[in-house]
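Single-structure report; data block below.
Residue numbers (my numbering): 112 to 577.
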């Protein structure tokens with residue numbers, strides 16, 4: 112097959128690029144776009160031959176977009192408008208502006224959905240193509256609420272024609288200049304929460320108007336045996352009239368499809384762990400019920416201050432799940448380099464009960480966020496290097512101890528942060544992926560916290576194109 116020409120939007124450190132490589136699909140990134148200067152430095156070090164555009168998406172003209180002639184869009188728009196801990200501003204958040212601009216410039220399908228270029232065969236579409244050329248030459252996107260410069264200069268019969276043949280769902284307060292062709296493939300990644308947003312609804316409406324077949328997912332790396340919880344929303348879309356063989360209209364899939372017809376066998380095997388510490392179960396995964404179908408009685412006893420016996424049971428089930436790899440496969444060996452990552456005494460004493468502690472032999476870790484290494488609660492697991500020390504012996508009657516005794520017990524665990532390299536390993540970045548020396552540890556944590564799991568996206572790309 113001919114290499115797929117790919118436009119990588121919100122490129123960050125290149126997670127989508129790495130996933131595209133890992134998918135094995137013949138491809139070429141025709142442009143990567145991001146405004147984060149530090150992320151761009153990392154991207155350029157790892158992909159020096161890829162054209163990188165350090166500019167806002169809204170600042171890219173239609174002429175520039177059309178020259179790229181891309182077949183696929185890979186994008187991971189800013190997640191802050193949709194996170195549970197944020198303000199959830201959704202489409203009112205200025206950070207969604209670039210995403211809405213992308214939706215606005217996608218041409219609505221007319222005639223053949225599989226061959227949108229054939230829309231120019233009719234007289235009215237020839238006329239509209241001339242309008243497109245004019246808009247491309249202008250190279251600007253009209254903002255809502257301003258006078259439409261194109262509408263102001265077009266003869267009345269053109270506006271009449273547009274209303275008779277609504278290729279662009281024309282709105283006089285909005286530019287109807289759009290791309291000259293639709294990309295065949297689209298893949299979007301975002302946080303859990305995007306699936307209930309207005310932005311998602313606008314995205315779906317646009318895809319349907321453009322003639323795409325699509326499927327939504329909520330997936331975690333645990334579905335692939337990776338011992339890290341990072342539940343994320345994904346959507347794959349293909350320009351075709353036939354549905355995917357695994358497509359379930361109106362449903363969000365919580366595991367990778369079997370690529371067999373949905374009425375024969377939809378899902379088997381694994382369970383995906385989300386950041387709420389609950390299981391999104393699939394067909395053959397374990398439930399919280401007893402053999403006769405009744406629910407287990409709720410246990411109220413606390414092992415730690417913020418952890419119930421049910422939490423402990425869940426963690427033990429994960430650590431005993433042979434489908435998940437052990438963390439030790441993702442860790443660094445350089446003891447000298449690791450010394451800087453041990454938790455300071457102040458953090459040990461202040462946040463002891465908030466830490467999610469794992470050992471190298473564990474098969475789980477919580478989601479690493481951009482605040483890891485700076486904030487403690489909810490930003491990611493910490494690693495206990497002294498595997499022979501039992502947590503129960505450290506935390507038993509802990510509050511009755513003096514501060515000195517507490518510190519002595521906590522220090523015996525040899526707790527440290529995961530290094531940026533180890534987090535990159537868990538996220539599927541290859542060994543050759545690296546950071547420029549001037550990028551600080553804090554910046555590396557932030558960049559990785561804003562990135563994605565390469566292996567999850569690689570599999571979705573293979574499913575989308577294959």
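By construction, the Cβ of each residue, glycine as well, lies at the ideal position given by its N, Cα and C atoms.
By Cβ distance below 8 Å, which residues in the same chain neighbour residue i in space, the five residues on each side in sequence not counted?
{"i": "residue 214", "result": "313, 314, 317"}
{"i": "residue 306", "result": "327, 329, 344, 363"}
{"i": "residue 497", "result": "523, 524, 525"}
{"i": "residue 179", "result": "116, 118, 141, 142"}
Name the residue from the options whose alpha carbon lies nearest to the alpha carbon of residue i.
{"i": "residue 183", "options": "119, 154, 211", "result": "119"}
{"i": "residue 476", "options": "291, 525, 533, 132", "result": "533"}
{"i": "residue 429", "options": "459, 496, 348, 334", "result": "334"}
{"i": "residue 217", "options": "290, 175, 201", "result": "290"}
{"i": "residue 339", "options": "426, 304, 448", "result": "426"}
{"i": "residue 571", "options": "115, 131, 116", "result": "131"}
{"i": "residue 109", "options": "324, 208, 189", "result": "Look at the range of the chain in this structure, 112 to 577, and you will see that residue 109 is not part of it."}
{"i": "residue 479", "options": "490, 324, 173, 164", "result": "490"}
{"i": "residue 485", "options": "531, 503, 510, 446", "result": "531"}
{"i": "residue 542", "options": "551, 157, 151", "result": "157"}
{"i": "residue 551", "options": "152, 444, 144", "result": "152"}
{"i": "residue 149", "options": "569, 553, 568", "result": "553"}
{"i": "residue 422", "options": "176, 467, 292", "result": "467"}
{"i": "residue 514", "options": "473, 147, 549, 457", "result": "457"}
{"i": "residue 441", "options": "472, 452, 112", "result": "472"}
{"i": "residue 499", "options": "511, 453, 366, 469", "result": "469"}
{"i": "residue 448", "options": "418, 529, 507, 433", "result": "529"}
{"i": "residue 503", "options": "166, 418, 437", "result": "418"}
{"i": "residue 434", "options": "337, 455, 509, 451", "result": "337"}
{"i": "residue 65", "options": "446, 310, 438", "result": "The chain is shown from 112 up to 577; residue 65 falls before or after that span and cannot be answered."}
{"i": "residue 288", "options": "436, 359, 174", "result": "174"}
In this structure, how does DSSP classify residue i when only helix, strand and coil are distinguished?
{"i": "residue 144", "result": "strand"}
{"i": "residue 579", "result": "Here the chain covers residues 112 to 577 and nothing more, so residue 579 does not appear."}
{"i": "residue 296", "result": "strand"}
{"i": "residue 116", "result": "strand"}
{"i": "residue 567", "result": "helix"}
{"i": "residue 121", "result": "coil"}
{"i": "residue 168", "result": "helix"}
{"i": "residue 163", "result": "strand"}
{"i": "residue 277", "result": "Any reading at residue 277 must be qualified, since the residue scores a pLDDT of 36, below 50, and its modelled position is unreliable; no value is offered."}
{"i": "residue 418", "result": "strand"}
{"i": "residue 458", "result": "helix"}
{"i": "residue 486", "result": "strand"}
{"i": "residue 138", "result": "strand"}
{"i": "residue 396", "result": "Reliability fails at residue 396, whose pLDDT of 36 lies under 50, so the model's placement of it is uncertain and the value that follows must be treated cautiously. Of the three classes helix, strand and coil, the one that applies to residue 396 here is coil, per DSSP."}
Measure the CB-CB distance between residue i and residue j and report whether it falls below 7 Å.
{"i": "residue 154", "j": "residue 134", "result": "no"}
{"i": "residue 520", "j": "residue 505", "result": "yes"}
{"i": "residue 219", "j": "residue 296", "result": "no"}
{"i": "residue 488", "j": "residue 465", "result": "yes"}
{"i": "residue 114", "j": "residue 138", "result": "yes"}
{"i": "residue 201", "j": "residue 308", "result": "yes"}
{"i": "residue 575", "j": "residue 527", "result": "no"}
{"i": "residue 560", "j": "residue 462", "result": "no"}
{"i": "residue 323", "j": "residue 346", "result": "no"}
{"i": "residue 164", "j": "residue 144", "result": "yes"}
{"i": "residue 474", "j": "residue 432", "result": "yes"}
{"i": "residue 294", "j": "residue 181", "result": "yes"}
Leaving out five residues before and five after residue i in sequence, what residues of the same chain have Cβ atoms less than 6 Å from its Cβ?
{"i": "residue 186", "result": "120, 121, 299"}
{"i": "residue 127", "result": "119, 185"}
{"i": "residue 368", "result": "357"}
{"i": "residue 564", "result": "332, 341, 538, 539"}
{"i": "residue 557", "result": "481"}
{"i": "residue 566", "result": "335, 539"}
{"i": "residue 577", "result": "none"}
{"i": "residue 319", "result": "none"}
{"i": "residue 162", "result": "142"}
{"i": "residue 547", "result": "152, 156"}
Taking CB distances under 7 Å as the criterion, tell me whether residue i reaches chain B.
{"i": "residue 550", "result": "Among the chains of the structure shown, chain B does not appear; only one protein chain is present."}
Within a Cβ cutoff of 7 Å, which residues of the same chain sit near residue i, ignoring the five residues on either side of it in sequence?
{"i": "residue 562", "result": "123, 124, 126, 538"}
{"i": "residue 501", "result": "none"}
{"i": "residue 452", "result": "527, 528, 530"}
{"i": "residue 424", "result": "none"}
Is residue i near the ligand ZN, going by C-beta to nearest heavy atom under 6 Å?
{"i": "residue 484", "result": "This structure does not include the ligand ZN; it has no bound ligands of any sort."}
**Request:** Run through the stretch 495 to 552 for me and flag every whole beta strand (DSSP E) of 3 or more residues, listed as ranges in chain order.
**Result:** Counting whole runs of 3 or more residues, the stretch 495 to 552 contains the beta strand (DSSP E) stretches 526 to 528.
**Message:** To test your reading of the DSSP string, which unbroken alpha helix (DSSP H) runs of 4 or more residues are found completely within the stretch 300 to 385?
**Reply:** Those alpha helix (DSSP H) runs which fall completely within the stretch 300 to 385 and span 4+ residues are 309 to 321.
**Prompt:** Which residue spans inside the stretch 172 to 216 form an unbroken beta strand (DSSP E) run of at least 3?
**Reply:** Here the runs fully enclosed are 183 to 186.
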